[in-house]
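I have placed the structure first, in the form of structure tokens, so that the comments after it can refer back to it.
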Amino acid sequence: MENEITAAFGRVNIDEVVSRYGIKAEALRYIGGFQNFIYECQVENKEYIMRFTPSAHRDQSDVQAELEWILYLAENGISVSSPVPSTYGRWTETLELEEMYVTATLFDKAKGKKIDYPDCLKDQELYERLGRVTGRMHALSKSYKPLNPKTIRHHWTDNYYLKNIDILPDSHTRVRECYLELVRSIQKLPISEEAYGLIHGDINNANYLVGEQGEITLFDFDEAQYSWFVEDIAIQLYYLVYVYGGEEGKKLREDQASRFMEPFLKGYREENQLEDRWLQQMPLFLRLRELIVYIGAFRNFEGDETFSHSDNPWFKDWIRESKTRLETGEPIVNIWG
């Protein structure tokens, strides 16, 4: 732990804030994170996840709105990694620093196993279960009302990467132009309670675990936002097809998309109804997700267009192909005509 968050925020400060959850700082083990600092710990034989969110990424009201949404889902039968209150009965605790503050949150650690590549690529039973839990979540979203109207999650246009497209190098003129065209196209879509609401925003095989009975537990709601329900579906599909590239990639992506969509929609329609016309908009949201992932890649490499520090040939091929698709307005896969 000494080399991560304590270096950034100070050991004394961290000791003080984690003690509010009855945890000692030395019990925390760093496990990663991108825009947050994520740790795991064990207290009295129970496992937890502790997350530190810098205010530059999300302010405390954003985090509280996220936790309220998670608790609502848990109360209505969806398996999630639920927040745990501090010893003061608060869902969040803050650590004040000179230039910002950090919001600390404790979660129950999700139970189950991760279904990684390539195992997730042909698991139709998994897709049907994902459809069922996604449909259930969207159905609940239709009736969800925040307790405090002033404490709500952001809408899709306030996605961190969309707001920070300047992360891309200046040479990406055409990508920026296509970004503006894409946003304008999406903004023309009608908004209704039947198709638009609070979504997870980042369902992929890194953000859920599968239990012994096949039950899916969702976690990492940090990207929860108001958007069209179809975006939550497009995100899941994107992460199942972007692994295919090269000359034969298009056919492989089409096969995977068909393999995913049929069982997924079967499960989804057991819990929620979404008109077929919204599925016709999948290409728009696949392009949106590709743009977000692409910007994120440049953030990781601090704008280095050559990605010289990467020794991953697959990644470099994906970046090249992704740029071409973004510049031409082509979705990564399109089985909707």
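Each residue of the sequence shown is one higher than the one before, starting from 83 at the first, in this note's numbering.
Note that beta-carbon positions come from the ideal geometry of N, C-alpha and C, so glycine has one too.
Distance CB(residue i)-CB(residue j) smaller than 8 Å
| i | j | result |
| --- | --- | --- |
| glutamine 142 | threonine 169 | no |
| tryptophan 238 | alanine 277 | no |
| alanine 192 | phenylalanine 301 | yes |
| isoleucine 315 | aspartate 284 | no |
| histidine 236 | glutamine 307 | yes |
| leucine 222 | asparagine 158 | yes |
| tyrosine 324 | tryptophan 400 | yes |
| asparagine 247 | tyrosine 261 | It is isoleucine, not asparagine, that sits at residue 247 in the sequence shown. The answer is yes: Cβ separation under 8 Å. |
| leucine 280 | tyrosine 226 | yes |
| glutamate 353 | arginine 214 | yes |
| leucine 361 | valine 312 | yes |
| threonine 255 | valine 162 | no |
| leucine 408 | valine 257 | yes |
| serine 137 | leucine 153 | no |
| arginine 369 | leucine 264 | yes |
| glycine 293 | glycine 194 | yes |
According to DSSP, residues forming a beta bridge with residue i
| i | result |
| --- | --- |
| cysteine 123 | Tyr130 |
| histidine 237 | Tyr308 |
| cysteine 298 | Reading off the sequence shown, one finds isoleucine at residue 298, where the question assumed cysteine. Paired residues: Val292. |
| threonine 421 | Here the chain comprises residues numbered 83 to 419, so residue 421 is not present and cannot be evaluated. |
| valine 215 | For valine 215, which the question treats as bridged, DSSP gives no partner whatsoever. |
| glutamate 50 | Past the boundaries of the shown model lies residue 50; the chain is included only from 83 to 419, so the question cannot be answered. |
| leucine 280 | Tyr308 |
| arginine 111 | Glu122 |
| lysine 195 | Val292 |
| valine 415 | Paired residues: none, contrary to the question. |
| glutamate 166 | Residue 166 is actually valine in this sequence, not glutamate. Answer is Leu188, bridged to valine 166. |
Separation of residue j from residue i, as counted between CA atoms
| i | j | result |
| --- | --- | --- |
| asparagine 118 | aspartate 190 | 17 Å |
| arginine 402 | leucine 244 | 20 Å |
| lysine 196 | glycine 296 | 11 Å |
| threonine 207 | glutamate 387 | Checking the displayed sequence, the identity of residue 207 turns out to be glutamate instead of threonine. When rounded, the distance between both Cα atoms is 40 Å. |
| methionine 343 | valine 99 | 45 Å |
| methionine 83 | tyrosine 130 | The pLDDT assigned to methionine 83 is 43, lower than 50, so where the model puts this residue is not dependable, and the model offers no usable value. |
| lysine 224 | arginine 359 | 19 Å |
| isoleucine 249 | histidine 282 | 24 Å |
| valine 94 | valine 145 | Note that valine 94 has pLDDT 48, beneath the 50 cutoff, so the model's placement of it is unreliable and no number is given. |
| leucine 188 | serine 267 | 39 Å |
| arginine 351 | methionine 219 | 12 Å |
| glutamine 124 | arginine 111 | 10 Å |
| isoleucine 160 | leucine 203 | 24 Å |
| valine 375 | proline 251 | 15 Å |
| tyrosine 121 | phenylalanine 397 | 27 Å |
| arginine 211 | proline 200 | 18 Å |
| proline 395 | phenylalanine 389 | 10 Å |
| serine 404 | arginine 381 | 15 Å |
| leucine 322 | leucine 356 | 21 Å |
| asparagine 333 | aspartate 393 | The displayed chain sequence assigns lysine, not asparagine, to residue 333. One C-alpha to the other measures close to 27 Å. |
| phenylalanine 346 | aspartate 240 | 28 Å |
| glycine 419 | glutamate 259 | 24 Å |
| glutamine 269 | arginine 371 | 15 Å |
| alanine 109 | arginine 341 | 43 Å |
| tyrosine 242 | threonine 135 | 14 Å |
| phenylalanine 383 | arginine 140 | 22 Å |
| glutamate 178 | phenylalanine 303 | 24 Å |
Residue i, buried or exposed, once every other Cβ within 10 Å from all chains shown has been counted against 16
| i | result |
| --- | --- |
| glutamate 150 | buried |
| threonine 423 | Residue numbering for the chain in the displayed model covers 83 to 419; residue 423 lies beyond these limits and cannot be assessed. |
| alanine 147 | buried |
| glycine 349 | buried |
| phenylalanine 116 | exposed |
| glutamate 305 | buried |
| isoleucine 96 | buried |
| aspartate 205 | buried |
| threonine 406 | exposed |
| methionine 132 | buried |
| threonine 410 | exposed |
Spell out a yes or no on whether the region 154 to 173 and the region 98 to 113 are touching, meaning 3 or more CB-CB pairs, one atom from each, closer than 8 Å.
-> yes
Does the region 359 to 367 come close enough to the region 404 to 418 to have 3 or more Cβ pairs within less than 8 Å?
-> yes
Touching or not, the region 288 to 300 and the region 333 to 351, by the rule of three or more beta carbon pairs under 8 Å?
-> no
Contact the region 224 to 244 vs the region 317 to 331: 3+ CB pairs below 8 Å = no
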